[in-house]
Every structure is written in structure tokens, then in C-alpha cells.
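Asker: For the sequence shown, the residue numbers in the numbering used here are 261 to 986.
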Amino acid sequence: MNMLLLNTIILTIIGLVNAIEVTLHGFLYVQNEFHNNLEKTVNEYMKSKNLDITLKTVFENPDSSSGDPNHVANALEQIILKKDKGYDLYLTDTVYTGRFAQHFEDLNKYVDKKVIDLYKDGTATNTCYVDTKLVGLPLSVDYGGLYSNMSLLNKYNQTIPKTWDELINTTNYIYERESQLDPELHKYLAHFPEYENGLVSLLEFIHSFRDSPNDKFPEYTSDNAVAALEEMKKIKENASTSDDFATNEILMMGALITGKYIFARFWYIGDSLSKEYELSFNQLPGKKEGISASCIGGSNTSMNRYISEERKKAAAEVLNFINSFEQQKKNIITNNFRSAIHSTYSDPEVCQKIDCPKFSSMQGIVRPSSSSVNYEQYSERFRELARKFIFNESNQSAKEILEEIDDIRKIHYVEVNSVASIIILSFTLLTLISLFCSYIYLSIKRFRKQFNFLTYGYWCIFLFGILMALCYCLTGIHKLTDYNCLIRPFLLSIGFSLIYIPFFLKMISIFPSKNGIAKFVKEHFMLVFIVFLIIDVILNITWYLLDPMGVNKFMVTAGKNFQYCSSFSSTGKIMQYIMYGLKLTILVIMCVLVFAEWNLAAFKQDIRSITSTLYINILLIGLFIIVEHINIQNRYLFFGLRSALVLCFCISTLTIIFGSKYYNISIRKENLFSDVSTFKSSSGSINSSHYYNSNFVRSQISQNNTQYSQINNKSGLLKYKNIKYD
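(1) In or out: Tyr-379 buried (at least 16 other Cβ within 10 Å) or exposed?
(2) List, from N- to C-terminal side, the alpha helix (DSSP H) runs of 4 residues or more that fit wholly inside the stretch 507 to 589.
(3) Using a threshold of 8 Å, state whether the C-beta atoms of Cys-733 and Ser-912 are closer than that.
(4) Is the stretch 395 to 407 close to the stretch 367 to 385, with three or more CB pairs under 8 Å?
(5) What are the boundary residues of the alpha helix (DSSP H) that Leu-689 is part of?
(6) Suppose you measure from the CA of Val-957 to the CA of Ile-790; what does that come to, to the nearest Å?
(7) Whose C-alpha, out of Phe-364, Gln-291, Ile-927, is nearest the C-alpha of Asn-596?
(8) In three-state DSSP terms, what is Asp-607?
(9) Rounded to a whole number of angstroms, what is the C-alpha to C-alpha distance between Trp-609 and Glu-454?
(10) According to DSSP, is Ile-625 part of a helix, a strand, or is it coil?
(11) For the beta strand (DSSP E) that contains Phe-649, what are its first and last residues?
(12) Going by the DSSP bridge assignment, what does Pro-398 pair with across the sheet?
(13) Report, in whole angstroms, the separation of the C-beta atoms of Ser-554 and Gly-405, which I expect to be a contact under 8 Å.
(14) Can you look up Gln-845 in the DSSP assignment and give me helix, strand or coil?
(15) Inspect the beta-carbon positions of Lys-766 and Phe-713 and report whether they are closer than 8 Å.
(16) In chain order, what are the residue ranges of uninterrupted beta strand (DSSP E) at least 3 long that sit wholly in the stretch 283 to 338?
(17) Compute the Euclidean distance between the alpha carbons of Cys-388 and Thr-354, then round it to the nearest angstrom.
(18) If you compare alpha carbons, which of Val-674, Tyr-701, Cys-851, Leu-692 is closest to Thr-735?
(19) Once you ignore the five residues that flank Leu-298 on each side, which residues in its own chain have a CB closer than 7 Å to its CB?
(20) Which partner residues does Phe-250 have in the DSSP bridge list?
(21) Helix or strand or just coil, what does DSSP make of Lys-393?
(22) In chain order, what residues of the same chain lie with their CB nearer than 6 Å to the CB of Ala-574, ignoring the 5 residues before and after it?
(23) Where does His-451 fall in DSSP's three states?
(24) On the DSSP letters alone, give me the boundaries of the beta strand (DSSP E) that Cys-825 sits inside.
(25) Taking Ser-210 as the reference, give the member of Ile-671, Lys-705, Leu-730 with the closest Cα.
(26) Which residue wins for smallest C-alpha separation from Phe-855, given the options Ile-846, Lys-843, Thr-845, Thr-871?
(27) Report the partner residues of Leu-349 according to the DSSP bridge assignment.
(28) One question on the structure: do Ile-721 and Ser-681 come within less than 8 Å of each other, judged by their Cβ atoms?
(29) Give the DSSP-derived three-state secondary structure of Ser-620 in the structure shown.
(30) Phe-477 by DSSP, collapsed to three states: which one?
(31) Look at the alpha carbon of Leu-806 and the alpha carbon of Ile-614, and state the distance between them as a whole number of angstroms.
(32) Measuring only the C-alpha atoms, how far is Lys-705 from Ile-801?
(33) Across the stretch 343 to 357 and the stretch 559 to 574, are there enough close Cβ pairs to call them in contact, namely three or more that are closer than 8 Å?
(34) With Val-460 as the anchor, note down where its beta strand (DSSP E) starts and where it stops.
(35) Hey, out of Tyr-923, Tyr-760, His-784, whose CA is closest to Ser-769's CA?
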């Protein structure tokens with residue numbers, strides 16, 4: 261018996277030690293029985309499924325923290341930035357999910373797909389997506405709507421308004437008669453305070469001015485949005501007062517409970533209070549009957565991306581349970597919650613408890629917290645401008661205000677039909693045509709003898725390198741994607757290598773002084789070339805693995821925000837500088853080599869052409885680095901300068917290398933190898949009377965793949981031994 265008890269105790273201890281404790285942190289404006297029992301409910305479920313997972317909840321509320329939204333956001337940020345030392349799961353207001361998205365894991369990787377699919381039809385799920393990344397799941401939702409004082413409506417034989425004009429008329433009709441009996445009666449309480457809830461009312465007004473129920477949220481610059489903002493001002497002046505229009509939550513609740521109001525826009529406060537105080541909650545009016553709006557609030561549950569894989573899997577089990585259909589249904593019935601799972605509102609048991617048609621037909625809209633560049637600035641500025649317009653404190657028109665807000669909210673990109681794009685695309689096309697013509701010119705056998713500096717294959721590689729670098733200019737046009745950002749540095753880096761590495765290795769191999777490096781390069785030309793390419797590819801892959809380039813958003817204070825590509829930490833910058841350093845080192849070494857080989861008669865034209873490109877491209881790369889560090893706040897200039905420098909790099913290199921040969925051969929009609937006696941050397945290390953052996957020159961003309969390159973100073977003659985390049 262004692263042994264059995266001892267074994268039980270030991271197994272219990274082992275189970276407790278091995279169990280994974282998942283922590284959940286949340287800030288709650290209202291904490292109810294659901295939150296109080298959440299830890300117990302989850303742990304009982306995990307135990308019933310024999311899962312060694314326990315949940316520990318840590319909730320903050322107005323008793324232990326300020327309820328100010330900015331304070332809440334800053335407090336959450338301090339906790340979330342602890343990364344793996346923070347909590348495993350975070351319960352946040354829907355408005356904060358987008359702000360902290362970069363710290364949250366993509367739930368598509370861990371949460372059961374069947375659970376995720378439950379939320380696809382719900383509007384609230386839009387607050388959980390940042391691009392294609394699912395950074396949260398809605399635990400519960402709040403709806404905004406219209407509370408109507410039914411006792412007054414019935415008294416004066418009026419109905420709940422379906423349009424904003426009806427609301428104005430009904431409000432004035434009742435107020436003219438009832439205010440004489442009750443001077444403290446409020447007209448329309450619009451719930452438009454100076455803080456975050458003011459934006460909610462703004463968005464609902466604009467959404468209620470759609471042309472049909474299936475239309476999306478109107479563009480800020482549309483006539484619908486302008487009409488909505490003007491209607492808000494009209495309602496404030498004709499069916500409300502300045503104080504009533506800007507009522508906060510405390511005064512709003514007081515008016516609802518005492519019944520001293522006609523109409524009020526507010527969040528749904530639950531069935532119990534509605535029944536106790538005979539409150540009627542319905543959809544907001546719209547521009548016309550059948551059009552309405554309801555801003556969706558609530559809480560999302562997100563997973564910390566910095567915790568271990570084991571903890572992520574355990575946290576996913578918790579999410580699978582609390583976001584399941586059965587658990588959400590239970591929360592509606594027992595905890596008076598509203599779920600983001602749209603199908604719950606067609607469940608018979610749920611519909612016995614709540615008015616399903618009312619909530620299933622809500623025409624929802626969410627705040628753009630995950631799509632705005634800086635949501636806090638967007639929200640604050642929108643509320644500020646709208647208040648000044650509605651309360652006659654500004655000379656700006658509704659259209660001007662909405663255009664400014666559109667610039668804050670919207671992410672712009674370089675349009676294909678913009679002047680900058682047309683110029684860049686035109687030069688890119690001309691360069692592509694020049695590349696094609698250069699390839700044809702190179703392929704003509706009677707001209708090929710003039711391209712003896714490299715073999716035919718390496719000249720083709722040179723042209724392909726220019727093509728790759730040229731493609732960089734095309735990746736910045738139209739809407740950017742992570743793929744665009746990923747290949748931009750790759751195109752420049754590999755393109756540079758394909759252009760200059762063959763020249764670099766050739767110049768090493770023909771270096772006048774004997775050395776082991778030159779000999780090795782001569783004998784293993786292709787191998788060394790491939791090694792350089794592999795190093796380049798490895799550096800690019802390392803950059804991608806450590807801190808890949810991705811789409812970022814450039815916030816412009818007084819202008820249009822736009823997309824750009826960048827790394828997200830200092831690691832990416834370090835990799836970028838390593839790439840710059842490697843390329844510049846190659847160019848500097850080539851500058852040293854050209855001095856030693858300046859007067860090699862056989863390659864005089866090639867050496868001098870390469871020298872010209874070296875100095876030009878060192879300058880261009882330097883300018884490119886400088887431009888990368890300039891704070892350019894215009895998207896066309898931001899994109900155009902970078903593309904222009906790359907275009908100059910490609911055009912100048914192609915023109916100097918190939919253009920000079922075309923000019924000498926086809927225009928000046930020169931044959932640089934027609935008379936071997938013309939090849940003389942006057943290099944600094946060799947006497948000016950020395951000249952190249954005629955065997956070398958003839959071999960350059962007759963053999964494309966064979967070059968004579970080793971110098972022997974015998975009897976004042978320069979001789980090359982037969983070396984074959986792959």
C-alpha cells in the first residue's frame with residue numbers, strides 16, 4: 261500500500277515536472293467570469309485529453325493599469341519586447357494586433373487548419389492578418405450599433421430610423437416635445453470622443469455611405485466618404501449638440517441607464533443590462549435603407565514568435581481549444597460572448613439564447629490597424645482633422661481632409677505609367693536592344709578575332725551579367741513583394757561578378773611578373789571563376805538566412821507613404837557592407853593591375869577600356885552607397901536615383917567595352933591585328949624596344965580558345981607559352 265502511494269506521488273511529481281506551462285497575458289477593459297475561469301477550463305480539458313500542458317493566465321485591468329489606449333499599447337510593448345522572457349500567448353485588443361505583428365508567430369504553421377477555417381467568413385478575422393501572415397485569432401468580438409429609447413419612440417409613435425435623415429427628423433420631432441418635460445434629455449449621443457473611439461464612429465459613418473450592402477469600405481477620396489463626413493457635421497448641427505456628439509463612455513452609460521436620451525451610438529453591452537433597462541440595440545442607420553455599419557472590436561489571441569518550438573506547439577493546443585466551435589458556442593450561451601465564427605449564429609441552441617439574425621446581419625468594418633503604416637498617427641490625425649471640420653474649427657473642406665488622411669493611411673508605389681517608370685523602362689529597353697545587338701555582333705566570326713581578350717563563352721557571360729544587373733531596375737516598379745526585395749541584391753551582386761570576375765582573372769593571368777597566383781589562375785581559369793561565383797552565392801544565401809530583405813513601409817510626415825526594400829536588423833546592414841566591400845576590393849585590385857599591364861600591346865584597347873569602366877563604376881558604386889544613406893521621402897526619387905545609377909553602370913560598361921570595339925572595327929575600319937609589327941610594349945618594367953613575338957599575335961587571330969600568355973624575356977623578345985582556357 262505504501263509502495264503504491266509512493267509510486268503515485270513520484271508519477272505525479274514527474275508529470276508536473278514534464279508538463280509544459282503555457283502563459284497567457286492580457287489587458288482587459290472588462291473582466292468577467294469567462295476570463296476568471298479560463299485557466300481552470302483549459303487545464304481541465306488538457307487533463308481530459310492526457311496532454312501535459314497547463315495554462316496560467318495573467319490579466320491586467322483598470323484596477324491595476326491605466327485604461328488609456330496609449331498607456332496600454334506602451335505597457336504591452338514593454339512586455340512583448342522581452343521576447344522569449346515574456347509570455348507565450350497574448351490577448352490584445354484588435355487595434356493592437358497589427359502594431360505588434362512582427363513579434364507574433366504565423367498561426368498557419370501551428371494551429372489546426374480546421375479551426376482557422378472556422379473564422380474565414382468573419383469580418384473580425386481581418387484584424388488578424390498582416391499581408392498573408394495570420395498573427396492572431398479572435399477570441400471574442402464587440403459590435404457597435406444604435407441604442408433607441410423605445411419608451412419615447414412608442415410614446416410619440418415613431419420607429420427606429422433606417423437612414424441618417426430619418427434619425428435627424430425623428431430626433432428633432434421627439435426632442436421638440438419631450439425637452440419641455442425633461443430639460444436634461446439628450447438628443448443623439450454620437451460617441452465621438454477625442455480618443456480612439458472617435459475613429460470608430462468616423463469609420464462607421466463612412467461605411468454606412470456605401471451604395472449597396474455588398475460594397476467594400478469606400479475609398480477616402482471617394483464622393484461617398486466626402487458625403488459621409490458632411491453628414492456627420494449635419495447631424496451634429498441638426499440632431500445633436502457639441503457635448504452630446506462628443507460624449508465619452510461614462511456619460512454614455514449614465515444616459516443609457518437613466519433613459520435620458522433619444523438615440524445613442526454605443527458598443528453592445530450585453531443582454532442582461534439591455535433587459536434590465538429596456539434597451540433596444542439595432543443596426544446603425546445608413547445613407548439609404550438597407551445600408552448600415554458596425555465597427556468590430558474585441559480581443560485577439562496571438563503567439564509569441566520568440567519562444568521555443570516545444571512551447572509553440574503547446575500554445576497551439578490551447579488556441580485549438582479556446583477557438584474551437586464548441587468552446588465558442590459555449591461562451592455565447594453561458595458567458596454572453598459574441599463570436600467571430602459566423603456559423604455560430606445559425607446554430608439552433610445559440611439562436612434560442614440570442615437574436616441571431618440581428619448579429620449575423622451586422623455589416624461589419626474593422627479599423628485598419630494592420631494595414632496602416634503608423635496606425636496611431638493615422639488615428640490621431642484623422643480624429644483631429646475630423647473634429648475640427650465637424651465643430652467648425654477649420655477652413656479645410658471634407659474632401660481636403662480625406663485626401664490628407666488617405667496619404668497617411670495608404671501605401672503608395674511607383675506606378676508603371678508614372679514619368680519615372682516610363683523613363684527608366686525606356687532606357688532599360690534601349691539597353692536590352694543594345695545587349696541583343698552586341699550578342700549578334702559578337703557571334704559574327706569575322707569580328708570575333710577582335711574579342712581575343714576573353715573567349716567567346718566569357719564574353720557571353722559578360723553580356724548576361726549586364727542583363728542581370730539591368731533587371732534590378734524592373735523589380736522596383738509597381739507593388740513590391742518580398743520576392744522583389746529578395747532578388748534585388750542578388751541581381752546586382754551576381755550581375756557584377758559575371759561582368760568583372762572574368763576580366764579580373766584574365767588580368768591576373770597576364771600579369772608581366774611571374775608568380776604562383778597568376779600561374780594557378782591560368783591553369784584553372786574556369787575553376788577559379790566558379791569559386792568566385794560560389795562565394796557570391798553563399799554570401800547572398802547567408803544574408804537571406806540571417807536577415808533577408810523584405811518589404812518595408814516608409815512613413816512620410818507631409819507626403820505620400822511608400823514601399824521600399826530593407827533588412828530589418830543590423831545583420832542585414834553588415835551583410836550589405838560586406839558585399840560592397842568585396843566588390844570594391846575587386847575593382848581596386850583591378851586598378852592596380854591595369855598600371856602594370858597598361859602598355860601590353862596585344863590587349864592595349866581592352867586594358868584601357870576596362871580602366872575607363874573601373875573608374876566610372878567605382879564612382880557609381882560610391883554614389884549608390886551614398887544614396888542608400890540619404891533620407892529620400894519621394895517614392896519616384898527614391899526608386900529613380902537607384903535605378904538611374906544601375907542603368908549608368910550597365911550602359912557605361914556595355915558602351916565602353918563593346919562600343920569601342922564596334923567603333924574601331926565598323927566605323928574606323930581598323931584591324932588591330934593586321935600587322936604584327938605594330939605590337940610593341942612600353943610598360944614601365946619592360947624596355948620600350950621590346951615587342952610581342954609574332955607567334956603570339958598570329959595565335960590570337962587563329963584560335964578563339966587558345967591564348968599565349970607567359971612572358972619570357974629572351975634576347976629582348978616577349979614570348980608566350982601555349983595556355984588553353986576552358
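Built from N, CA and C at the ideal position, the CB exists for glycine as well.
Predicted, not measured: the structure shown is a model, and the values here were computed from it.
Answerer: According to the data block:
(1) Taking the first residue of the sequence shown as position 1, residue 379 is located at position 119. By the 10 Å Cβ count, Tyr-379 comes out buried.
(2) 509 to 518, 531 to 536, 569 to 582
(3) Walking along the sequence shown from the start, residue 733 turns up at place 473. Walking along the sequence shown from the start, residue 912 turns up at place 652. No.
(4) yes
(5) Counted from its first residue, the sequence shown places residue 689 at position 429. Unbroken alpha helix (DSSP H) run through Leu-689: 679 to 703.
(6) Taking the first residue of the sequence shown as 1, we reach residue 957 at position 697. Taking the first residue of the sequence shown as 1, we reach residue 790 at position 530. Bear in mind that the predicted position of Val-957 carries a pLDDT of just 39, short of 50, making it unreliable; the figure below should be weighed with that in mind. Using only the alpha carbons, I get a separation of about 29 Å.
(7) Within the sequence shown, residue 596 is the residue found at index 336, counting from 1. Looking at the Cα atoms, Gln-291 is the closest of the given residues.
(8) As a working note, residue 607 is residue 347 in the sequence shown. Note: Asp-607 maps to coil in three-state DSSP.
(9) To locate residue 609, count along the sequence shown from 1; it is residue 349. To locate residue 454, count along the sequence shown from 1; it is residue 194. In the sequence as displayed, the identity of residue 609 is Glu instead of Trp. Rounded to the nearest angstrom, the two C-alpha atoms are 41 Å apart.
(10) As a working note, residue 625 is residue 365 in the sequence shown. Residue state, collapsed to three classes: strand.
(11) To locate residue 649, count along the sequence shown from 1; it is residue 389. Taken as a continuous stretch (DSSP letters only), Phe-649 belongs to no beta strand (DSSP E), being part of the alpha helix (DSSP H) at 635 to 650.
(12) The count along the sequence shown starts at 1 and reaches residue 398 at position 138. Note: Pro-398 sits in a beta bridge opposite Asn-560.
(13) Reading the sequence shown from its first residue, position 294 is the one you call residue 554. Reading the sequence shown from its first residue, position 145 is the one you call residue 405. Right, the Cβ-Cβ distance comes to about 6 Å (below 8 Å), so this counts as a contact.
(14) Within the sequence shown, the letter at position 585 stands for residue 845. Sequence inspection shows Thr at residue 845; the Gln mentioned does not correspond to that position. In the structure shown, Thr-845 sits in a helix (DSSP, three-state: H, G or I).
(15) For the purposes of this step, residue 766 is taken as residue 506 along the sequence shown, with counting starting at 1. For the purposes of this step, residue 713 is taken as residue 453 along the sequence shown, with counting starting at 1. Taking 8 Å as the Cβ cut-off, Lys-766 and Phe-713 qualify as a contacting pair.
(16) 313 to 320
(17) Translated into the one-based positions of the sequence shown, residue 388 becomes position 128. Translated into the one-based positions of the sequence shown, residue 354 becomes position 94. Cys-388 and Thr-354: Cα-Cα distance of roughly 8 Å.
(18) Translated into the one-based positions of the sequence shown, residue 735 becomes position 475. Nearest of Val-674, Tyr-701, Cys-851, Leu-692 to Thr-735, Cα basis: Val-674.
(19) Here the question's residue 298 lines up with position 38 in the sequence shown. Excluding positions up to five away in sequence, the list reads Thr-317.
(20) Because the chain is modelled from 261 through 986, residue 250 falls outside the range shown and cannot be assessed.
(21) As a working mapping, residue 393 is identified with position 133 in the sequence shown. DSSP places Lys-393 in strand when its eight states are reduced to three.
(22) As a position in the sequence shown, residue 574 is number 314, starting the count at 1. Ile-280, Val-282, Ile-313, listed in sequence order.
(23) Taking the first residue of the sequence shown as 1, we reach residue 451 at position 191. His-451: coil per DSSP, three-state reduction.
(24) Counting from 1 along the sequence shown, the entry for residue 825 is found at position 565. Note, Cys-825: beta strand (DSSP E), 822 to 826.
(25) Because residue 210 is not part of the residues shown, which for the chain are 261 to 986, the question remains open.
(26) The sequence position of residue 855 within the sequence shown is 595, counting from 1. When only C-alpha atoms are compared, the closest one is Thr-871.
(27) The residue given as residue 349 occupies position 89 in the sequence shown. Per DSSP, Leu-284, Met-563.
(28) Here the question's residue 721 lines up with position 461 in the sequence shown. Here the question's residue 681 lines up with position 421 in the sequence shown. Cβ distance not < 8 Å, so Ile-721 and Ser-681 don't count as in contact.
(29) Mapped onto the sequence shown, residue 620 falls at position 360. If DSSP states are grouped into helix, strand and coil, Ser-620 belongs with the helices.
(30) Locating residue 477 in the sequence shown gives position 217, counting from the first residue. Coil, per DSSP.
(31) Counting from one through the sequence shown, the residue named residue 806 turns up at place 546. Counting from one through the sequence shown, the residue named residue 614 turns up at place 354. In a straight line, the C-alpha of Leu-806 is about 51 Å away from that of Ile-614.
(32) Locating residue 705 in the sequence shown gives position 445, counting from the first residue. Locating residue 801 in the sequence shown gives position 541, counting from the first residue. Straight-line Cα distance between these residues: approximately 39 Å.
(33) yes
(34) Working through the sequence shown from its first residue, we reach residue 460 at position 200. Where Val-460 is concerned, there is no enclosing beta strand (DSSP E), although the alpha helix (DSSP H) it sits in stretches over 457 to 467.
(35) Here residue 769 corresponds to residue number 509 of the sequence shown, with the count starting at 1. The shortest Cα separation from Ser-769 among Tyr-923, Tyr-760, His-784 belongs to His-784.
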